[in-house]
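So the protein sequences, as listed, match chains A and B. Going by the numbering used here, the first sequence opens with residue 1, and the numbers climb by one from there. Going by the numbering used here, the second sequence opens with residue 130, and the numbers climb by one from there. Everything below concerns the one structure shown next.
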Amino acid sequence: MNLRLRLQTPNGVLLDEPVRSVVAEDLDGWFGIRPGRRDLVAVLPPGVLVFRDDAGEGFVALAGGLVDLRDGVCRVLAREAVVERDLATVADRVDGYLTGRDARGRAQRDVLDDLAREAMRRLVGEAAR
Amino acid sequence: MNDYGDDVRRKAERMRLAREQRRSIWRHLGQIGALGWTLILPILLAAVLGGVLADRLDRPWLALLVVALGVIIGGYTSWRQIRRSLEEE
């Protein structure tokens, strides 16, 4: 009887390891998962998920997602997730991650804007000739 | 994507506070237990010692005196322990 935690986001698999327990919160409240628990599916609102493995405790900050416990594998699917070992720094890690993500988004949009402007200029240049 | 940073911060903070409170409850229970011994042990020892002394020296009032001493010592040391732990908070 084993329990495996698999955390997946559109960016890839962030976690895939054996764990002793998982504690998560869904829309009705907190619940725990230990090896041998009955299968379940739950919707996770944005928040924190706690797991315990041989290295100690771990915290996963989620932008909301799904948890699917089946055949001893606890699959957590989230749009975004940040894994952290220290409860005191989780929120800061998430803020840092979000700031970086927003900055990257803005930079990408700037590049697209520049490309669009350049394309327009050339089109207009072509049309003028 | 929505700002889940606020939700995470709120929930992480609530979790942290709950854990701190849980730890401090156990610590306080432990302190109370230790305090009980600090008070009782001197009195018990004094009772035994006083009894033996009173028998050996054939002076029955000695037992009472030694027990009274034990009560004073126990009371004083537990009083100091309470003050010290209150100052820590």
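Quick reminder that beta carbons are idealized off the backbone N, C-alpha and C, glycines included.
- GLY179 (chain B) and ALA192 (chain B) do touch by the CB rule: their CB atoms are close to 4 Å apart, below 8 Å.
- C-alpha of GLY100 (chain A) to C-alpha of ALA61 (chain A): approximately 16 Å in a straight line.
- Put simply, the CB of VAL22 (chain A) is far from chain B, with every gap to its CB atoms at 8 Å or more.
- Contact between the stretch 82-98 of chain A and the stretch 54-73 of chain A is present: 3 or more CB-CB pairs across the two stretches fall below 8 Å.
- Partner residues in the beta bridge of PRO18 (chain A), as assigned by DSSP, are A:ARG4.
- Fewer than three pairs of CB atoms, one per stretch, sit closer than 8 Å, so the stretch 32-42 of chain A makes no contact with the stretch 98-114 of chain A.
- Under the 8 Å criterion on CB atoms, ASP28 (chain A) is classed as non-interfacial with respect to chain B.
- For LEU87 (chain A), no beta strand (DSSP E) segment is defined, and its DSSP state is neither H nor E.
- Of the candidates A:ASP68, A:ARG34, A:ASP28, A:ARG70, A:ARG34 places its Cα closest to the Cα of ASP53 (chain A).
- For ASP53 (chain A), the uninterrupted beta strand (DSSP E) segment begins and ends at 47-53.
- The beta carbon of GLN8 (chain A) lies closer than 6 Å to those of LEU77 in the same chain, with the five residues before and after it left out.
- Per DSSP, the beta bridge partners of GLU25 (chain A) are A:TRP30.
- With respect to VAL137 (chain B), PRO10 (chain A) sits apart: the two C-beta atoms are not nearer than 8 Å.
- Sorting A:PHE31, A:GLY29, A:ASP95 by C-alpha distance to the C-alpha of ALA81 (chain A) places A:ASP95 at the top.
- VAL82 (chain A) is bridged by DSSP to A:ALA61.
- A direct Cα-to-Cα measurement between PHE31 (chain A) and ALA163 (chain B) gives close to 36 Å.
- Within chain A, the residues ALA91 have their CB atoms less than 7 Å from the CB of ARG138 (chain B), given in chain order.
- Under the three-state reduction of DSSP, GLY203 (chain B) is assigned to helix.
- At a cut-off of 8 Å between beta carbons, VAL41 (chain A) makes no contact with chain B.
- Around the beta carbon of SER207 (chain B), 16 or more other beta carbons lie within 10 angstroms, which makes this residue buried.
- Look at ASP71 (chain A) here: in three-state DSSP terms it is coil, with no helix or strand label.
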